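A.B. asks: All residue numbers for the sequence shown refer to the working numbering, where the first residue is 6 and numbers rise by one.
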Amino acid sequence: MKQVINVLKLKTEGEILKIANHNLRQVPSRNVVSSRTKQNTYYIGSSTTNVLKEMEDRLATVPKFRKDAVKVVNLVLSGSHEFFTDKKKAKEWELATQKWVEDTFGKENIIYSVVHHDEKTPHFQVSFVPIYDGKLRAAHWFDGPAKMNKIHNSYAKVNKPFGLQRGDKFKKPTQEELTEYYKKVNASSDYEAKLDRKLEGLFDKLDNPTLKQRLNPWGLIDGVVKPLMNQLAKNLSHYRTRSKEAEKNKKKLEQAEQQIEDYKLKMESLGLGENPSFMQCESIRKHWDFVEERYRASLNDGVIKTYQPISTEPTPSVKPPKPKF
């Protein structure tokens, strides 16, 4: 079973409110079971927490910071779904995780910390103002892969007693792994070559029967024709399976290529380049999740009702084409 850490840096009040409205259940959400919302556990804050006021109170202690600085960090902490079937162990995990959050990021910095039990997999949502040594410094914890790796390793120590492990780091395949892979590929090729050789041999026997087989047609049928038909069926079954696998992979490839094109268009419309950072992608993903919730169509007495955008959401501007003379 694996641990889960997701980090989202927020700079504007609009972004902060969008995340908070979802986390504090102040707006409806399609993936939330509202009848279980009362089971959510608040370790810090509550569903009525004034997030912007709490943020401003903490920022007031910081003498100076840039306008585009990261003002709030949102963390999602969880584990594999099957881990939460043991309620007692899950509660112990909650307490240990909350202590780690407070020790790592400072209890005084945390605006709210809540465990959602009204979604498919229980998880923490923690928002805090990243103040360190009297300064606004999200980079102290999250600047670059090395520091993120440190956070993952630190949380992994907390999760180890509960049987939750951190995800595997990216690594190149070893020579042994490559050898094993090509061995399997070559084994498949050898098997197909063997099938083809058997079939060719049987066809050759059919074209050049022995004198005994010519004098005894039933012997030819039993000795050549029947084995030939069996071998044809075996070859057909093998290649039909391979064909289905190839067709499935082809469809997956086509779908992936289409998704890539769709994401390229989305990134272009959001002003992002071809290689956005991980944090930029996470920010966009969260934004689209919120937009989907806000704009989704609901069936109301047989009529589709579409929600209107709120004032904090950017409205895309489309310039009219220049007239051609």
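Cβ coordinates follow ideal geometry from the N, Cα and C atoms, glycine included. Values in this document were obtained by computation on a predicted structure and should not be read as measured data.
Taking the straight line between their C-alpha atoms, what separation do you get for T109 and I115?
C.D. replies: Near 11 Å, if we compare the C-alpha coordinates of I115 and T109.
A.B. asks: Let me know the secondary structure DSSP gives T46 once reduced to three states.
C.D. replies: Of the three classes helix, strand and coil, the one that applies to T46 here is strand, per DSSP.
A.B. asks: Shortest alpha-carbon distance to N79 belongs to which of I10, K239 and L241?
C.D. replies: I10
A.B. asks: Note down the Cα distance separating D62 from L82, rounded to an integer number of angstroms.
C.D. replies: 25 Å
A.B. asks: Pick out the complete alpha helix (DSSP H) segments inside the region 20-108, 4 residues or longer, and give them in chain order.
C.D. replies: The alpha helix (DSSP H) runs lying completely inside the region 20-108 and spanning 4 residues or more are 56-64, given in chain order.
A.B. asks: Using 8 Å as the limit for Cβ to Cβ distance, is P166 near chain B?
C.D. replies: This model lacks chain B altogether; it includes just one protein chain.
A.B. asks: Could you name the residues of the same chain whose beta carbon sits closer than 7 Å to that of A151, not counting the 5 residues immediately before and after it, in chain order?
C.D. replies: none
A.B. asks: Do you know offhand how far L100's Cα is from R71's?
C.D. replies: 35 Å
A.B. asks: Do Y137 and I49 have their C-beta atoms closer together than 8 Å?
C.D. replies: no
A.B. asks: If I measure Cβ to Cβ from Q103 and keep anything under 7 Å in the same chain, skipping five residues before and after, which residues do I get?
C.D. replies: Y48 and S118
A.B. asks: Go ahead and pull the three-state DSSP assignment for I309.
C.D. replies: Residue placement at I309 is flagged as unreliable, the pLDDT there being 43, under the threshold of 50; the coordinate-derived value follows with that caveat. DSSP places I309 in strand when its eight states are reduced to three.
A.B. asks: If the criterion is Cβ atoms closer than 8 Å, does the pair F89 and T42 meet it?
C.D. replies: Going by C-beta atoms, F89 is not nearer than 8 Å to T42.
A.B. asks: Among residues of its own chain, excluding the 5 on either side of T17, which ones have a beta-carbon nearer than 6 Å to its beta-carbon?
C.D. replies: none
A.B. asks: CB-CB under 8 Å to Q170, same chain, minus the five flanking residues each way: which ones, in chain order?
C.D. replies: M6, K7, Q8, A161 and N164.
A.B. asks: Please report the straight-line C-alpha distance between E250 and M234, rounded to a whole angstrom.
C.D. replies: 24 Å
A.B. asks: Taking DSSP's pairing of strands, which residues face K7 in a bridge?
C.D. replies: Q170
A.B. asks: How long is the line joining the alpha carbons of H145 and M153, rounded to whole angstroms?
C.D. replies: C-alpha separation (whole angstroms): 10 Å.
A.B. asks: Rounded to whole angstroms, what's the CA-CA distance from I65 to K93? Just pull it up for me.
C.D. replies: The residue asked about is misnamed: residue 65 is Ala in this sequence, not Ile. Their Cα atoms are separated by approximately 40 Å.
A.B. asks: Under a three-way DSSP split, which group does K16 fall into?
C.D. replies: coil
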